[in-house]
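Down below is the structure, laid out as structure tokens.
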Amino acid sequence: MGVELKVNLGQRSYPIFIVSSQLPHLGRYLIPLSLASRVFVITDEVVGRLYGEQVTRALRDAGFEVLYQELPDGEEYKSLESAGQLYTRALEGGVERRSAMIALGGGVIGDLAGFVAATYMRGVPLVQVPTTLLAQVDSSVGGKVAVNHPLGKNMIGCFYQPRLVFADVATLKTLPLREIRAGLAEVIKYGVIRDKDFFEFLEENLEKILRLDQDVLIEVVKRSCAIKAGIVEKDETEQELRAILNFGHTIGHALEVLTKYRVYRHGEAVAAGMVAAAAIAEEKGLCGPDLTMRLAGILEHAGLPVRIPFKAEEIIEVLPRDKKAQGGWPRFVLPVALGRVVIDADVGRDVIRSALERCRAERGELS
Ligand code: NAD
Ligand code: GLY
């Protein structure tokens, strides 16, 4: 069971395999990449406990020698210090220029192992094996790799495309439901920014997705990756278009900052941020209230927060700290219809204030 997509980036093109229960065959998919026999699997302790042995066996069965490293679980390990430990392990373990680094895990491992692969010996092949919904639909595709700095998330990084992405949706069966819901926020985002039909598909299939119906999940990951690939192919290094992937992220990021990253999973903050962005679009006359209501409806059904539990002024105060801010003020991605957004650099404080205050009046204050 599965499908194959391609990200078309000239010499840096790569396939995305979206499969179910194929992890024991992972090694076979790597054979066409002409890799050195030694590969380096990087994972975290949680994913390692669940899938480490299976992946190692799959690679050995295909003739690879496996160097294996688990890191502790957690965003705080997406750091230069962890990268340093991985460089040492790779050097001591004989990882060479044609050896693949295999990122087995969620976005934390994908970003960290990707950053290490991009910089070790000036770049070695990277294989992404994403095991969270967020990583399968977003972080494993498109080549953004990074570690965090104490002064900001994802501040040290680069663009480095993988050679292959292998997303096995059966691995989502062990993922906590909260993580599935958080990943779904990014999936719903794709519908709003690019594809009304997909949005409607999600509305119709939400229950099946939450029940982890494997056929529906393959379709969801496929359509999400196809949308992301289409955007990355047009604007790999985020000069303009790729910024639409940040829909919901501006207010979402403010929520994460105001709660010191301790309350929301990223997708949860993005969910509330998308509703706020739709309210801002409404305030500017770009879309009608039906869009905001429909978006809030699907997010609530998915079990995601749609309310902003802060005063408008508190949100506005942290907006200049947005890492995508230009000239000290963020550009907003605003919906004009389901499937279509614009990037707006001219969203003033008054518009944000009225939109957020209206949201609080309509949706209440608590998330
Ligand atoms: P994560 O990697 O922390 O994974 C979430 C939790 O799920 C972890 O505890 C992990 O151990 C566990 N887990 C992973 N797979 C599992 C499985 N199959 N079964 C059971 N448990 C499993 O979080 P995430 O949400 O996947 O990723 C968040 C990171 O992704 C952030 O660092 C963010 O900056 C980054 N990100 C990057 C991009 C990009 O384009 N590179 C895009 C979005 C997010
Ligand atoms: N996750 C946003 C991007 O890849 O551009």
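Numbering (the working numbering) for the sequence shown: 194 to 560. Note that CB positions come from ideal geometry on N, CA and C, so glycine has one too. Predicted, not measured: the structure shown is a model, and the values here were computed from it.
Which of helix, strand or coil does DSSP assign to residue i?
i      : result
PHE210 : strand
PRO528 : strand
ARG500 : coil
ARG553 : helix
PHE440 : coil
GLN204 : helix
PHE257 : coil
VAL338 : strand
THR236 : strand
PRO225 : helix
GLY195 : strand
LEU284 : helix
ALA538 : coil
GLU507 : helix
CYS480 : coil
PRO323 : strand
LYS346 : strand
GLN215 : coil
SER332 : helix
GLY307 : helix
VAL456 : coil
GLN278 : helix
GLN262 : strand
Please name the residue, chosen from the options, that lies closest to residue i on a Cα-to-Cα basis.
i      : options                        : result
ARG374 : ARG205, LEU327, VAL334         : LEU327
GLY345 : GLY299, TYR313, LEU273         : LEU273
ALA474 : ALA296, LYS366, SER417, SER547 : SER547
ARG231 : LEU365, VAL288, TYR457         : VAL288
ARG458 : GLY267, ALA251, ALA310, VAL240 : GLY267
LEU223 : GLY203, ALA470, MET294         : MET294
LEU319 : ILE302, ALA296, SER332, THR325 : ALA296
LEU492 : ARG291, LEU377, VAL338, LEU260 : LEU377
ALA175 : ASP406, LYS199, PRO343, LYS382 : Nothing about residue 175 can be reported from this structure: the residues present for the chain run from 194 to 560 only.
VAL534 : GLN329, GLY441, VAL239         : GLY441
ARG500 : ALA471, GLN519, LEU434         : ALA471
ASP483 : VAL529, ALA518, ALA495         : VAL529
SER417 : ASP388, ARG487, SER275, PRO343 : ASP388
LEU365 : GLY496, GLN407, SER332         : GLN407
GLU396 : ARG242, HIS494, GLU263         : HIS494
LYS415 : ASP331, SER275, PHE352         : ASP331
CYS351 : LEU284, THR312, GLY384         : THR312
HIS218 : MET314, PHE257, VAL239         : PHE257
Just checking my contact of residue i with residue j at CB under 8 angstroms: how many whole Å lie between their CB atoms?
i      : j      : result
PHE392 : GLY532 : 7 angstroms
ALA538 : ARG553 : Not a contact, Cβ separation roughly 25 angstroms.
TYR244 : LEU216 : 6 angstroms
ASN398 : VAL409 : 5 angstroms
VAL334 : LYS421 : 5 angstroms
ILE211 : ALA306 : So it is not a contact: roughly 20 angstroms between Cβ atoms.
VAL463 : ALA489 : About 13 angstroms; that fails the 8 angstroms criterion.
VAL317 : ARG290 : 6 angstroms
LYS271 : VAL340 : 5 angstroms
LEU434 : ILE424 : 6 angstroms
THR325 : GLY299 : 4 angstroms
ALA436 : SER214 : That belief does not hold up - the Cβ atoms of ALA436 and SER214 are roughly 36 angstroms apart, past 8 angstroms.
LEU479 : LEU527 : 6 angstroms
Quick check: what's the CA-CA separation for residue i versus residue j?
i      : j      : result
ASN347 : ALA255 : 35 angstroms
TYR207 : LYS504 : 45 angstroms
VAL248 : VAL358 : 14 angstroms
GLU461 : ASP361 : 23 angstroms
SER560 : PRO498 : Low per-residue confidence applies at SER560: pLDDT is 44, beneath 50, and the placement is therefore not dependable, though the value from the model is reported in the following sentence. Their Cα atoms are separated by approximately 5 angstroms.
ARG371 : LEU403 : 10 angstroms
VAL322 : PRO355 : 10 angstroms
PRO369 : VAL301 : 16 angstroms
LEU252 : ARG221 : 8 angstroms
LEU228 : ASP543 : 56 angstroms
LEU264 : SER292 : 20 angstroms
MET486 : ARG250 : 49 angstroms
ASP304 : LYS337 : 7 angstroms
LYS199 : ARG205 : 11 angstroms
VAL456 : GLN262 : 29 angstroms
GLY203 : GLU555 : 48 angstroms
ILE536 : PRO225 : 40 angstroms
GLY286 : ALA276 : 15 angstroms
TYR454 : LYS516 : 15 angstroms
Using beta carbons (cut-off 8 angstroms, strictly below), is residue i in contact with chain C?
i      : result
PHE440 : The structure shown contains no chain C, having only a single protein chain.
Is residue i close to the ligand SAM? I mean its beta-carbon at under 7 angstroms from any heavy atom of the ligand.
i      : result
ARG291 : For the structure depicted, the ligand SAM is absent and the ligand set comprises only the ligand NAD and the ligand GLY.
> Is the region 435-453 touching the region 505-518, taking contact as three or more C-beta pairs under 8 angstroms?
Replying inline: yes
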